[in-house]
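Participant: Position one of the sequence shown corresponds to residue 2 (the working numbering), numbered consecutively onward. C-beta atoms are modelled at their ideal positions from N, C-alpha and C, and glycine is treated no differently. Structure in structure tokens, see below.
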Amino acid sequence: MKAADMHCDTIAALYENREKGWTLADNGLHVRLDKLRKGDYLLQNFALFVHCREGESAYEKAMALADCFDTQMRLFPDQIGQVRSYEDIRENAEKGKISALLTVEEGAVCEGSLEKLRAFYDRGVRMLTLTWNYPNGIGYPNVAMPDGEGKKADFTTPETKKGLTEFGFSFVEEMERLGMIVDVSHLSDAGFYDVASHAKKPFVASHSNARAVCPVVRNLTDDMIRTLAEKGGVTGLNFCPSFLQEDPPGEKYKGTIEAVVRHARHIFNVGGEDCLGLGSDFDGIPTHAELTGADKLPRLEDALAKAGFSYTQREKIFHGNVLRIYREVL
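If you want it as structure tokens, here you go:
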């Protein structure tokens with residue numbers, strides 16, 4: 002079944018391993034062109050992920066990643082092509098090509114500038130995750146990163162007070178004006194509701210699961226799922242083992258397809274069949290024990306079928322719901 006995946010970190014992984022000469026066709030990553038074909042991918046979102054560090058321009062680093070993305074598109078023009086609109090996706094499919102949609106993960110790359118946001122739009126970015134795991138000029142994340150060595154990030158306490166900044170509201174407004182999809186994965190609980198109350202178009206949580214199934218704050222509460230569905234939005238199933246299930250006593254949980262299906266069933270039951278999609282987070286997460294790469298995605302469809310999801314429902318999860326939003330917003 003054709004798949005549309007809303008999030009992977011493959012471009013950052015290629016960039017960080019550039020001395021190895023890796024390309025989309027030859028690498029040791031979750032996402033590779035032959036794996037995408039085996040997984041029957043219609044579309045893969047490629048995030049420009051920047052871990053903001055002192056002394057480094059986040060904007061310049063993101064643009065360097067965009068250059069890396071452009072290089073990959075030039076290397077394999079007969080197999081994959083960048084898309085900027087829903088029509089581009091349709092045209093690529095007719096040519097037998099995989100579609101690549103460019104996104105940004107970490108709104109800090111815009112460095113508090115709507116002009117830089119527009120520059121990313123001009124480069125073809127069509128979705129942007131407002132925050133990563135640090136506060137920025139747009140808003141606050143849900144995960145409290147450690148402020149000293151030896152400390153661990155807090156994935157259990159949601160941020161319910163601090164949401165979007167004043168600039169953040171203007172930022173979301175400009176994204177919608179441009180035709181860029183707002184992504185609330187990583188955003189604080191308060192920020193989620195700020196977006197929900199002000200957004201005029203559907204928005205997404207590109208790679209977030211259900212908090213009722215696995216109680217990490219990167220996942221959505223039931224009320225968030227219902228709100229997202231009411232706004233016409235979609236959340237993408239994240240394959241990160243630690244977002245699927247808590248570690249059993251004395252061992253590290255490595256992920257099962259059954260756990261992904263469990264999240265799918267819960268989100269489906271809470272929000273309905275129109276709010277659920279795929280957001281693997283491939284190449285940004287530890288390897289899932291059973292979904293080890295893009296080529297294994299048919300295993301998930303088989304498991305969903307065995308769990309009682311109809312063909313139409315599986316089709317919506319695998320690509321239909323995501324394409325609807327792209328058609329409406331881009």
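Check this for me: beta carbons of L66 and L49, under 8 Å apart or not?
Facilitator: Result yes, Cβ atoms of L66 and L49 sit closer than 8 Å.
Participant: Are the beta-carbon atoms of D284 and D10 separated by less than 8 Å?
Facilitator: It is a contact, given that the beta carbons lie within the stated cut-off.
Participant: Which residues in the same chain as N134 place their Cβ atom closer than 6 Å to its Cβ, once the five residues preceding and following it in sequence are excluded?
Facilitator: Within the same chain, N134 has close Cβ partners P142, V144, M146.
Participant: So, using beta-carbon positions, are S189 and G237 closer together than 8 Å?
Facilitator: Against a cut-off of 8 Å, the Cβ pair of G237 and S189 comes out as no contact.
Participant: Mind pulling the beta strand (DSSP E) runs of 3 or more residues that sit fully within the region 118 to 199?
Facilitator: Taking only runs of at least 3 residues, the beta strand (DSSP E) segments lying wholly in the region 118 to 199 are 126 to 130, 182 to 184.
Participant: Is any heavy atom of the ligand PLP found at a distance shorter than 7 Å from the C-beta of K201?
Facilitator: As for the ligand PLP, it is missing from this structure, which has no ligand bound.
Participant: For H267, which residues in the same chain have their Cβ closer than 7 Å to its Cβ, ignoring the five residues on either side in sequence?
Facilitator: Answer for H267: A211, A213, V214, listed in chain order.
Participant: With a threshold of 7 Å on Cβ separation, who are the neighbours of D223 within its own chain once the five nearest residues in sequence on each side are excluded?
Facilitator: So the qualifying residues of the chain are A213, V271.
Participant: Three or more C-beta pairs under 8 Å: does that hold for the region 120 to 131 against the region 170 to 188?
Facilitator: Yes, they touch.
Participant: Could you please give me the residues that DSSP links to I99 through a beta bridge?
Facilitator: Answer is I81.
Participant: Under the assumption that A4 contacts F310 (Cβ atoms under 8 Å), give the Cβ distance between them as a whole number of angstroms.
Facilitator: So it is not a contact: roughly 15 Å between Cβ atoms.
Participant: By DSSP's criteria, Q246 is part of a beta bridge. Which residues make up the other side?
Facilitator: Answer is none; Q246 lacks a bridge partner.
Participant: What residue range is occupied by the uninterrupted alpha helix (DSSP H) comprising I303?
Facilitator: Here residue 303 is Asp; the residue named in the question, Ile, does not match the sequence. Start and end: 298 to 307.
Participant: Is it buried or exposed, Q158, if we count other Cβ atoms within 10 angstroms and call 16 or more buried?
Facilitator: Position check: residue 158 holds Thr in this sequence, whereas Gln was assumed. It counts as exposed.
Participant: Have a look at L332 and K98 and give me their C-alpha separation to the nearest angstrom.
Facilitator: No information on residue 332 is available, as it lies outside the stretch 2 to 331 that the chain covers here.
Participant: Whole angstroms is fine: what's the gap from Q83's alpha carbon to G278's?
Facilitator: Their backbone Cα atoms lie some 20 Å apart in a straight line.
Participant: In whole angstroms, what separates the C-alpha of S100 from that of E107?
Facilitator: Their Cα atoms are separated by approximately 22 Å.
Participant: Does the separation of the CB atoms of A200 and E177 fall below 8 Å?
Facilitator: Against a cut-off of 8 Å, the Cβ pair of E177 and A200 comes out as a contact.
Participant: Taking buried to mean at least 16 other C-beta atoms within 10 Å of its own C-beta, is P203 buried or exposed?
Facilitator: It counts as buried.
Participant: In the DSSP assignment, what residue or residues form a beta bridge with Y353?
Facilitator: This structure cannot speak to residue 353, because the chain is shown only from 2 to 331.
Participant: Skipping 5 residues on each side, what residues in its chain have a beta carbon closer than 8 Å to that of E291?
Facilitator: Once the five neighbours on either side are set aside, the close Cβ partners of E291 are G256, T257, I258, K297, R300.
Participant: For N18, count neighbouring C-beta atoms within 10 Å of its own C-beta (all shown protein chains included) and say buried if the count is 16 or more, exposed if not.
Facilitator: N18 is exposed by the Cβ-count criterion.
Participant: Do I182 and V196 have their CB atoms nearer than 8 Å?
Facilitator: Taking 8 Å as the Cβ cut-off, I182 and V196 do not qualify as a contacting pair.
Participant: Can you name, in chain order, every residue of its own chain whose Cβ lies under 7 Å from the Cβ of L37, other than the five neighbours on each side?
Facilitator: So the qualifying residues of the chain are Q45, I99, A295.
Participant: Based on the DSSP output, what are the partners of R205 in its beta bridges?
Facilitator: The sequence given here has Val at residue 205, not Arg. Bridge partners of V205: D184, V235.
Participant: Taking DSSP as the reference, what is the three-state secondary structure of G278?
Facilitator: In the structure shown, G278 sits in a strand (DSSP, three-state: E or B).
Participant: What whole-angstrom Cβ distance do L229 and S171 have, given they're in contact under 8 Å?
Facilitator: About 22 Å; that fails the 8 Å criterion.
Participant: Name the two residues that bound the continuous alpha helix (DSSP H) containing Y16.
Facilitator: 11 to 17 is the extent of the alpha helix (DSSP H) around Y16.
Participant: Who are the near neighbours of A63 in its chain, counting only those whose CB is closer than 7 Å to its CB and skipping five residues on each side?
Facilitator: Only L49, V51, V105, V110 meet the Cβ criterion.
Participant: Specify, as a first and last residue, the run of the alpha helix (DSSP H) that C111 falls within.
Facilitator: Here C111 belongs to no alpha helix (DSSP H), and DSSP marks it neither H nor E.
Participant: Reducing DSSP to helix, strand and coil, say where T293 ends up.
Facilitator: T293 falls in the coil class under three-state DSSP.
Participant: Could you compute how far the alpha carbon of K307 sits from the alpha carbon of N239?
Facilitator: For K307 and N239, the distance between alpha carbons rounds to 20 Å.
Participant: What residues in its chain sit with their C-beta under 8 Å from that of K163, if we drop five residues either side in the sequence?
Facilitator: P136, G140, Y141, S189, A191, G192.
Participant: Taking A265 as the reference, give the member of D27, E95, Q314, V173 with the closest Cα.
Facilitator: Looking at the Cα atoms, Q314 is the closest of the given residues.
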